[in-house]
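With the numbering used here, letter number 216 in the sequence shown gets 218, and the count goes up by one each step, no holes.
Idealized CB from N, CA, C, for every residue including glycine.
Since the structure is predicted, the reported quantities are computational estimates derived from the model, not experimental observations.
Below is one structure; the comments refer to it alone.
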Amino acid sequence: MRGWVAFSQYLYESSTPLDTSHGCNLVVLDSICDRLGLQRSTVHSFLKHFASLVKTSFSHIATMVQVTDAEGQSYSDVLAGIYSKLRELSRMAVRLKPTESSMYDAWHVIITKRLRGFITLDGIRLNYLFELMQQKRQVPVVRYGFDQEPPSVGLPTLPTSPPQIHGGHISASMDQEHMLQDAAQLHKENQHLRAQVSALLQDNKLFQHTNETFVHKLALLGHEPPSTPISSSTQEDSDLLNSLV
């Protein structure tokens, strides 16, 4: 994580995305983006977000709203920018393929569903999701060995020097991370168990229907003599009934 933060600062301080004076690091990054079908500007904006631990406390949409408000843009321009950003994030989320059966795989389903909801939902549900997206979130920087930046007034600013690294208070944060991982694993196992229960309920309905049909056949064989020649299947049912009596 410290490497990603350092790289985000390097990316932010670069004058252009492909500045040759900085070597081939960004060329390699853009090559990876092209191979995965990811939009370069979207990936760059994500990485630049890590350049400020204060800025990371807010989502990309919330940061964009803060910037557009400070620039005095109209409400319609803000909404258009939000819609465009959501579509960028949604396309990137769909193209990313996390490791199968990992906690990131479970998170990927939730994230893609949430982004799709931001674009398609309307009314009260969309307002609730949008307000939730604007909230400040706690960044667990301690587990990565970073000092939290001092609170800032107004828009979050980018630091001029790399974050300070310390070694204290990491164990408690690691415990919290393990708790989050366990919660994600339990959520995934719960979904798997729900699917199994649903399949068992369907099997139970099928067995009940088969049992009722068989009991009905037995009742008919026991009280009504057949008016037509006994077929092989009917003869088998009759033999079964006689064996049960």
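Cβ-Cβ distance between residue i and residue j below 8 Å
| i | j | result |
| --- | --- | --- |
| V56 | T70 | no |
| L13 | H46 | yes |
| A82 | L117 | no |
| I121 | R89 | yes |
| R97 | L38 | yes |
Of the residues the options, the one placed nearest residue i, counting alpha carbons only
| i | options | result |
| --- | --- | --- |
| A53 | G83, G74, D107, F9 | F9 |
| N192 | A108, D36, N206, L28 | A108 |
| A64 | F48, L49, I84 | I84 |
| H189 | E90, T215, V111, I121 | V111 |
| S256 | T58, R42, Y77, Q187 | In this structure the chain extends from 3 to 247, so residue 256 is not present and cannot be described. |
| S61 | L91, V7, R118, R42 | L91 |
| V7 | D36, L31, L49, S33 | L49 |
| S86 | H194, D32, D36, S43 | S43 |
Residue i classed as buried or exposed, judged by whether at least 16 other C-beta atoms fall within 10 angstroms
| i | result |
| --- | --- |
| H198 | Before going further, note that residue 198 is Gln rather than His in the sequence given. Exposed: under 16 other Cβ atoms inside 10 Å. |
| V67 | buried |
| E15 | exposed |
| K138 | exposed |
| F209 | exposed |
| L203 | exposed |
| V247 | A caution first: V247 carries a pLDDT of 48, below 50, which makes its placement in the model unreliable, though a value can still be read off. Its Cβ having fewer than 16 others within 10 Å, V247 is exposed. |
| L222 | exposed |
| S59 | buried |
| S154 | Because the pLDDT of S154 is 43, which lies under 50, any placement of that residue in the model is unreliable, and the number read from its coordinates should be weighed accordingly. Under this definition S154 is an exposed residue. |
| K207 | exposed |
| K115 | exposed |
Residue i (DSSP reduced to helix, strand or coil)
| i | result |
| --- | --- |
| K138 | coil |
| T101 | coil |
Worksheet item: What are the start and end residues of each continuous alpha helix (DSSP H) run of 4 or more residues lying completely inside the stretch 34 to 76, in chain order?
Response: If we require 4 residues or more, the alpha helix (DSSP H) runs fully inside the stretch 34 to 76 come out as 42 to 51, 62 to 72.
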